[in-house]
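Residue numbers (my numbering): 349 to 1110.
Ideal placement from N, C-alpha and C gives every residue a C-beta, glycine not left out.
See structure below.
As structure tokens, then:
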């Protein structure tokens, strides 16, 4: 050990007596400290403007192309070759390698001594980053220190791996420039290797494991994984082993077969240990974030605990589907990573994939056209044509017609339970924790049945036209649709002399366009009396059809149409706002109130109380207090401009257009939601682009969540981040900015000059 230390000390002396080490350190500090100063300045300015947000620790070190950790990760490969290029090349070119070989120093000691010098220099280099950590710790309220230290560890291990590669390259040549270029080339190759042969199962796992690309990402984001730590150790050890073998072969000649055998044996040992490190049951994780953001929430963990037995997730990738490219073999690991937060807690989960082609949603290709499309795809991608199933072969395996032959996942339990998990037509594309947890929960608990009454011209949940209700109910590629959040929406037609099924969790009566029969009204009345949960949605000018139902609730729609004249909009286009009372019902509503989001309602009727049916009536949202009244005269708001007519009883005030009702029925709380506008959650209004923030989707989310007692959707919310403030003032930051941008780099320059002068004096 003493010999190793002496070699490292000698190497460090050589390094620091040359300008290259100091120049690299100055450039590194100037670049990283400058980036950090810019981000810290943004934080201080945000506080001055009253726009502070949470996760300041993450924003200062991780997020964005100029964050310190992102900058270091993307530029570190440029610094290390300049440091390692002379480690052994210099010994070769100067002839001192002969002295080393003739001395009683082993090849292992030489390599470890050289490598130790790089680890110490890397510690100095990365140690400078700790200055930023200290500044941030005393500048940010509740600074997330463990997150930042996790990222620091990942970057240091990355630097150590680069150094091991550079040291090996230095043993191959006496030319330092060639050693540096070789290091850059090999690092680039290890970053690229993960994309090779992705279509060959088994080989792609090996290539992916050896890839350096993104290896520090998880630790930078706060998740320390044993697989990543072991990767850095094993790959660094492999290149150190290569270096030792190279020196041994230079000392003692041996046959080519022996040399190749030793190199291959070392690679095989590393590959074997690497395989062991990837076994899910052997992986260990540590979430270093303060809010445990890299771990699924306790609710999801509890659901996963209830899913006992084996679990298989099979992806059925329709290569002609609009999301088919995401399921290609080249994206297999992205698909795997979606479920990794869950497989951490259920490592026995198996993942499988099938590739097929067929007419997906909205397509109408002939068989010949489909075959030609697949032929073109095979020519332009790395997919194995033998792995692609034809429409007939796929239909023999599984019927995906109900899923419209999309790219879907089938989650299957050991006991035979099955459920589909879908891709979504939004920016995220892949299912998130909420959707995965919802599907898993339907396997261990009953899915709420949401029955939409039909037969009277009500809004339809299967018709995609503007006035209907597919967007938030049955659209398969809509993330917020009830069908993707654990609910089971369906239409219900009442039969003569029958009754509403007992398994209905929520009955929705949306905009009756003709009167209920006496028998149907009796069935609904009986459902209400027995404590069934209910949604009643009406429209102006059709209040009479809804009146018999509302009467059972002690409410009525007020005759007339609410108007709120505003430039650029028709007069009956309302902006409603959530009330504090409504916000207390559901966190979703509270968030909308906090954000001051509006609920847009194209033509609504006010709701009033007419009697006491034992319900507590809670106004959830109302119109504006001023500028709004119940119009009794105007019929066509596109052609006529309404005028307030107090003589007719029109009054300017806030009107309730959404009520939540609750009462106790046989020990169970009955819940009812009443809306004065059916268009506010229609396909047309939910899909409309507005220049202001709206909460119409939040209404459907919060409303059904409240009606099923918060069982669905799965609550995956987390506590608000605490690091949401800074102690710095603009004046105080000015001094820190000078310190980071100028004083620190200048101190390093001065230190380097002093050491150089002292050496010259000696």
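Considering only residues of the same chain and omitting the five flanking positions on each side of residue 441, which have a CB-CB separation below 7 Å? Translated into positions along the chain shown, residue 441 becomes position 93. Same-chain partners within the cutoff: 522.
May I ask you to report which of helix, strand or coil DSSP gives residue 653? The count along the chain shown starts at 1 and reaches residue 653 at position 305. The answer is helix: DSSP assigns residue 653 an H, G or I state.
CA-to-CA distance, residue 543 to residue 524, given in whole angstroms: Translated into the one-based positions of the chain shown, residue 524 becomes position 176. Translated into the one-based positions of the chain shown, residue 543 becomes position 195. The straight-line gap from Cα to Cα measures roughly 30 Å.
CA-to-CA distance, residue 457 to residue 1088, given in whole angstroms: Residue 1088 sits at position 740 when you count from the first residue of the chain shown. Residue 457 sits at position 109 when you count from the first residue of the chain shown. Cα-Cα distance, rounded: 39 Å.
So if DSSP puts residue 1160 in a beta bridge, which residue, or which two residues, is it bridged to? In the structure displayed, the chain extends from 349 to 1110; residue 1160 sits before or after that span and is not available.
What distance in whole Å lies between the Cβ atoms of residue 1048 and residue 905, which are believed to be in contact at a cut-off of 8 Å? Position 557 of the chain shown, counted from the first residue, corresponds to residue 905. Position 700 of the chain shown, counted from the first residue, corresponds to residue 1048. Not really, about 20 Å apart at Cβ, beyond 8 Å.
Only counting the same chain, and skipping five residues up and downstream in sequence, which positions put a Cβ closer than 6 Å to that of residue 803? Taking the first residue of the chain shown as position 1, residue 803 is located at position 455. So the qualifying residues of the chain are 841.
Taking 8 Å as the cut-off, decide whether the C-beta atoms of residue 1024 and residue 965 are in contact. By one-based count along the chain shown, residue 1024 stands at place 676. By one-based count along the chain shown, residue 965 stands at place 617. It is not a contact, given that the beta carbons lie outside the stated cut-off.
Distance, residue 390 Cα to residue 404 Cα: As a working note, residue 404 is residue 56 in the chain shown. As a working note, residue 390 is residue 42 in the chain shown. In a straight line, the C-alpha of residue 404 is about 11 Å away from that of residue 390.
Under the three-state DSSP convention, the category residue 1016 falls into: For the purposes of this step, residue 1016 is taken as residue 668 along the chain shown, with counting starting at 1. Looking at residue 1016 - three-state DSSP - the assignment turns out to be strand.
At least three beta-carbon pairs within less than 8 Å, the region 870-881 to the region 932-943: no
Should residue 958 be labelled buried (16 or more other beta-carbon atoms within 10 Å of its own) or exposed? Position 610 of the chain shown holds residue 958. Residue 958 comes out exposed.
Looking at the secondary structure, which residues open and close the beta strand (DSSP E) in which residue 768 lies? The residue labelled residue 768 in the question sits at position 420 within the chain shown. Taken as a continuous stretch (DSSP letters only), the beta strand (DSSP E) holding residue 768 covers 766-770.
Take residue 778 as the anchor and find which of 393, 860, 663, 706 has the nearest alpha-carbon. As a first step, residue 778 is located in the chain shown; it is residue number 430 there, counting from the start. The candidate whose alpha carbon is nearest that of residue 778 is 663.
DSSP state of residue 579 mapped onto helix, strand, coil: Locating residue 579 in the chain shown gives position 231, counting from the first residue. Residue 579: helix per DSSP, three-state reduction.
Rounding to the nearest angstrom, what Cα-Cα distance links residue 1043 and residue 950 in this structure? Locating residue 1043 in the chain shown gives position 695, where the first residue counts as 1. Locating residue 950 in the chain shown gives position 602, where the first residue counts as 1. Spanning the two alpha carbons is a distance of roughly 14 Å.
Identify, in the order they occur along the chain, each residue of the same chain with its Cβ nearer than 8 Å to the Cβ of residue 680, setting aside the five sequence neighbours on each side. In the chain shown, counting from the first residue as 1, residue 680 sits at position 332. Excluding residues within five positions, the ones whose Cβ falls inside 8 Å are 546, 552, 701.
Between which two residues does the beta strand (DSSP E) carrying residue 1113 extend? The requested residue 1113 is not part of the displayed model; the chain covers only 349 to 1110.
Near residue 557, what residues of its chain come up, given a Cβ to Cβ distance below 6 Å and the 5 sequence neighbours on each side ignored? The residue you call residue 557 lines up with position 209 of the chain shown. If we look at residue 557 and ignore the five residues flanking it on each side, its Cβ neighbours are 622.
Using a Cβ-Cβ cut-off of 7 Å (strictly less than) and excluding sequence neighbours within five positions of residue 735, which residues of its own chain qualify? Working through the chain shown from its first residue, we reach residue 735 at position 387. Within the same chain, residue 735 has close Cβ partners 703.
Exposed unless 16 or more other CB atoms sit within 10 angstroms - verdict on residue 813: Your numbering for residue 813 matches position 465 in the chain shown. Exposed is the call here.
Let me make sure I understand the geometry here. Which of 1011, 444, 475, 708 has the alpha-carbon closest to that of residue 381? Here residue 381 refers to the residue found at position 33 when the chain shown is read from its first residue. For residue 381, the nearest C-alpha among the options comes from 475.
Assuming residue 1054 is part of the alpha helix (DSSP H), what are its boundary residues? For this step, residue 1054 is matched to residue 706 along the chain shown. 1044-1055 is the span of the alpha helix (DSSP H), which, as asked, contains residue 1054.
According to the neighbour-count rule (16 or more other Cβ atoms, all chains shown, within 10 Å of its Cβ), is residue 410 buried or exposed? Here residue 410 refers to the residue found at position 62 when the chain shown is read from its first residue. By the neighbour-count rule (16 or more Cβ atoms within 10 Å), residue 410 is buried.
Quick one: residues in its chain with C-beta nearer than 8 Å to the C-beta of residue 1000, no 5 flanking neighbours on either side, listed in chain order? The residue given as residue 1000 occupies position 652 in the chain shown. So the list reads 974, 975, 976, 977, 992, once near-sequence residues are dropped.
Three-state secondary structure (DSSP) of residue 1006: Position 658 of the chain shown, counting from 1, holds the residue named residue 1006. The answer is strand: DSSP assigns residue 1006 an E or B state.
Kindly indicate the opening and closing residues of the alpha helix (DSSP H) around residue 350. Counted from its first residue, the chain shown places residue 350 at position 2. Start and end: 350-364.
Tell me the residue span of the alpha helix (DSSP H) that contains residue 689. Reading the chain shown from its first residue, position 341 is the one you call residue 689. 680-691 is the extent of the alpha helix (DSSP H) around residue 689.
Less than 8 Å between the beta carbons of residue 384 and residue 408, yes or no? Counted from its first residue, the chain shown places residue 384 at position 36. Counted from its first residue, the chain shown places residue 408 at position 60. Yes, Cβ-Cβ distance for residue 384 and residue 408 is below 8 Å.
Length at least 4, wholly inside the region 370-432: the alpha helix (DSSP H) runs in chain order: 404-409, 416-432
Looking at chain D, is there any beta carbon in it that lies within less than 8 Å of the beta carbon of residue 813? In the structure shown, chain D cannot be found, because there is only a single protein chain.
So, at 7 Å on beta carbons, what are the nonlocal neighbours of residue 1078 in its own chain, with the 5 sequence-adjacent residues on each side left out? Along the chain shown, one-based indexing puts residue 1078 at 730. Excluding positions up to five away in sequence, the list reads 392, 396.
Express the C-alpha separation of residue 891 and residue 1056 in angstroms, rounding to a whole number. Position 708 of the chain shown, counted from the start, is the residue given in the question as residue 1056. Position 543 of the chain shown, counted from the start, is the residue given in the question as residue 891. When rounded, the distance between both Cα atoms is 27 Å.
Excluding the 5 residues preceding and the 5 following residue 726 in the sequence, name in chain order all residues of the same chain whose CB lies nearer than 6 Å to its CB. Translated into the one-based positions of the chain shown, residue 726 becomes position 378. The answer, listed in chain order, is 733.
Would DSSP call residue 533 helix, strand or coil? The residue given as residue 533 occupies position 185 in the chain shown. Three-state DSSP puts residue 533 in a helix.
Per DSSP, what are the beta-bridge partners of residue 663 in this structure? The count along the chain shown starts at 1 and reaches residue 663 at position 315. Answer is 701, 757.
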